[in-house]
Structure formats: C-alpha cells, structure tokens
Amino acid sequence: MKKKKGTKKMKTKILALDNTSIILKALQLLLIFLFTFGVIISKLPQLVTGSIVNAVLIYTLINYGLNQAIILGMITPIIAASSGFLPLPLLLMLPFITLGNAVYVSVYNLLNKKYQVAGIFTAAIAKFLLIYLTVTYFVFKPINVLIAGKAQIVNIPLTIIDMMRWPQLYTAILGGLIALGLLKIKQR
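Mapped onto the numbering used here, the consecutive letters of the sequence shown carry residue numbers 31 to 218.
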C-alpha cells in the first residue's frame, strides 16, 4: 500500500482552520456577552434593555446554537441582579427569568426553520406565560416576615410585580423582530 504525500499536511491545515474558527466564534460570543453586559448595566428603560437582550438571545441562537443562547439567557438575569437593574424583591424571580429565557430560545429553535415570525410570537408568548403565571400565582403573594420577633405581612409593590408581566411579552416580541431584521440585513 502506497501512502499519499501531502495527506498529513492537509489534515494539519484543516485542524488549524478548525482551531481558528473556534477561536473566532469564541471571540464573537465574548463580544456579544460584553455588549449585552453593557446594555444591562447602562440601566436604560426596561422596554429598551429587555428588547435588546431578547434580540441578542435570538441572534445568538441562530448564529451560534441553542446551548450558547441558553447559557447567555442564564447569565443575563444574574448581570441584571448584580448591576441593580433588577429591583431587590425580584431576586426571587431569577430562576424563572432564566427558565423563561431558555423557553424563549428553545421554542423559537423548534419553529424558526419554517415559521420565523410566528416562531418569535409563539416563543414570546411561551416566555411571557411562564413568567406571568409564576409571578402572579407563586412568587408575589404577601410574605410573612419576622421583625423584632413579630410576624409582619410584607407586600411587594405592584410596580415591581408589573415588571414581570406584560413588558415581558412586549420585549420578547420586539427583541425577536429586531433580531430577524438584523439577520436579514446581515444576509444581504
């Protein structure tokens, strides 16, 4: 059996290209993360911040995959909480916001090949329902807190609770549509 010349060299070049591609994708993901971090800590209004974060989640899903989008969706609520964007009483919502982001990108991932726009609306509704129902029925009931040995009922202000209701639907829809628009521009 005669060994072909250049086979080893070709494999080395392919491996080098794969490594370069991995490094470039990692750098792009880092830039997306840093951009998202900057948007969150800038403390823009919820409609702006939420829409941009949701756009970045869909953009990340389409360009880098479901796992990367889910990871980014897990990190963004933590950044919001640590930067003060998320009011203290909403810290109870962190797991549900994270789960809502995962549902958002997962549902869109299932539908985006055939139904891009409908997929955005369906994913947004799924995320909204999860967060809305959680905040309404499980998290924000009056809480009994012991203060100086006596039970006190603490109510979380409605304005804070409302951050986890309808704005979640609006920002998910708007963010998804922004992402689709950016992707169409990128394809030109």
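Beta carbons are placed, not taken as given, at the ideal position from N, Cα and C, and that holds for glycine.
Distance, G206 Cα to N142 Cα: 11 Å
N- and C-terminal bounds of the beta strand (DSSP E) containing I1: Because the chain is modelled from 31 through 218, residue 1 falls outside the range shown and cannot be assessed.
Of the listed residues L124, K214, I88 and L102, nearest to I161 (C-alpha basis): L124
Check: G205 C-beta below 7 Å from any heavy atom of the ligand NAP: For the structure depicted, the ligand NAP is absent and the ligand set is empty, with no information on it obtainable.
As assigned by DSSP and simplified to three states, the class of N97: helix
Terminal residues of the beta strand (DSSP E) in which V175 lies: I173 to I177
Local conformation of M194 per DSSP, three classes: coil
Beta-carbon spacing of A209, A99 below 8 Å: no
Buried/exposed call for A178, threshold 16 Cβ in 10 Å: exposed
Three-state class that DSSP yields for Y145 in the structure shown: coil
Distance between V135 and L60 (C-alpha atoms, nearest Å): 19 Å
Q198 burial status per 10 Å Cβ neighbour count (16 or more: buried): buried
Nearest neighbour of P107, chosen from L96, Y167 and F126 [CA to CA]: F126
Residue closest to L91, alpha-carbon to alpha-carbon, out of K55, K73 and F115: K55
K144, buried or exposed, once every other Cβ within 10 Å from all chains shown has been counted against 16: exposed
Backbone CA spacing between L96 and I150 [nearest angstrom]: 15 Å
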